[in-house]
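Numbering follows full-length UniProt numbering, with no gaps: position 131 of the sequence shown is 131. See below for the structure under consideration.
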Amino acid sequence: MQSNNVNKDNSFNIIMGSRLKLYRNIEGYKFTNKLEVEEGRRLSEKVTDILANNIENIKVINLWEGEEIENGSIYKESGIITEKFNKNKDFASFLISKEKKFYVMVNEDNHIRLQIENSGNNIKEMYNTLNDIDDLLEENLNYSFDEKLGYLTPNIKNIGTAFTCSIIMHLPMLTSRDRISNINKGLKRIGMAMQGLYGEKAKAYGDVYEIYNEITTGISEEEILENLLTVSENIKNEEINIREEVLEKYPEEIEDRVFRAYGILKNARILNWLEAMALISDLRLGAELSLIDMNKCDLDKIMILTRDSVMKENLNKMLSSRELRIERAKLVKELI
């Protein structure tokens, strides 16, 4: 379980994943808040037919046909499925690739949301995939586009490229040093921002943050990607510097923090989600520092699988808050 070699180089796996989104709307159709059901369904079928006929191993779910989205609560907790999407279930469609890395939401806020996710920060490769699918749709549909404004969207914040990208990072040391607020202020000055991936924007449960672009006009998609890569590298290096300093000065305290978390997670009988998130963050830190031999991707999944809504769906029964805490402790013990 314990690794003998403390990882003090720059290969810490601080970057947990990346997420890219493109928003598109179709000329001649009202925005989704004004769409009639039949018109919305025709639009959904037009989009899904193009994708299903040209992309292998993609599953189409038309929400109005009553088919349940498998693991729907996980997609909701991950921010893939939104309340607005469920609200438009009378004419919305959900498409997912076999590898569960690429998603299309039809008739959410926008007519089309293309989304691709992956572990690591290979966002240029991800962007190429996303761009190919966007080109396929643009060859067969007339996008709502203005020569001056760019791609038109119902949310003025997204017009222009209508492209957002983000990198998800684990930053326990920057959090403990209260550096996050200052970093976010610096990001705001260059049209970017960061927020907690789980919980409220001001609080990042599990010390997990999403760094993303806020500006989509007056800048190209390629420039957005380059800016994100640059700032994420800078943030990663800040986190690494603090880790190296703490490891040098307080190695026993760090080891105690990691193995204390492991002991609690492995032996707890009752566990609430916030406590679990804090302990899993400590455990992930240990894995990143090679203090403990654990799969980081598995730990990331536990953060989702232990959410109340996901547990209720997977257990297929209603549980009291006390019963949920008991079941969570059992689940965590089994998974780690």
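Yeah, the Cβ is synthetic: ideal placement off N, Cα and C, and Gly gets one too. If you're wondering where the values come from, they're calculated on a predicted model, not measured in any experiment.
Sub-9 Å separation of Thr-161 and Thr-217 beta-carbons: Reading the sequence shown from its first residue, position 161 is the one you call residue 161. Reading the sequence shown from its first residue, position 217 is the one you call residue 217. Yes, they are a contact pair.
The region 25-41 in contact with the region 178-195 per 3-pair CB rule at 8 Å: no
DSSP state of Leu-95 mapped onto helix, strand, coil: Translated into the one-based positions of the sequence shown, residue 95 becomes position 95. Leu-95 falls in the strand class under three-state DSSP.
Per DSSP, cross-strand counterpart(s) of Gly-186: Taking the sequence shown and counting its residues from 1, one reaches residue 186 at position 186. According to DSSP, Gly-186 bridges with nothing at all.
Helix, strand or coil at Lys-21 according to DSSP, with G and I counted as helix: Looking up residue 21 in the sequence shown gives position 21. Strand at Lys-21.
Chain D contact for Thr-129 (CB, 9 Å cutoff): Of the protein chains in the structure, only one exists, and it is not chain D.
For Arg-42, the nearest candidate out of Val-106, Leu-228, Leu-149 (CA to CA): Translated into the one-based positions of the sequence shown, residue 42 becomes position 42. When only C-alpha atoms are compared, the closest one is Val-106.
Stretch pair the region 226-244 + the region 267-280: three plus CB contacts closer than 8 Å: no
Among Glu-108, Glu-323, Lys-98, Pro-251, the one whose alpha carbon lies nearest that of Asn-88: The residue given as residue 88 occupies position 88 in the sequence shown. Selected option, being the one with the closest Cα: Glu-108.
Own chain residues within Cβ distance below 7 Å of residue 416, not counting five before or after: Outside the shown range of the chain, which is 1 to 336, sits residue 416, and nothing can be said about it.
Beta-carbon gap between Ser-18 and Asn-118 smaller than 9 Å: Walking along the sequence shown from the start, residue 18 turns up at place 18. Walking along the sequence shown from the start, residue 118 turns up at place 118. Their beta carbons are under 9 Å apart, which means Ser-18 touches Asn-118 by this criterion.
Inside the region 215-266 only - alpha helix (DSSP H) runs reaching at least 4 residues: Taking only runs of at least 4 residues, the alpha helix (DSSP H) segments lying wholly in the region 215-266 are 221-249.
Proximity to Leu-335 [Cα-Cα], best of Cys-297, Pro-251, Tyr-205: Reading the sequence shown from its first residue, position 335 is the one you call residue 335. Nearest C-alpha to Leu-335: Cys-297.
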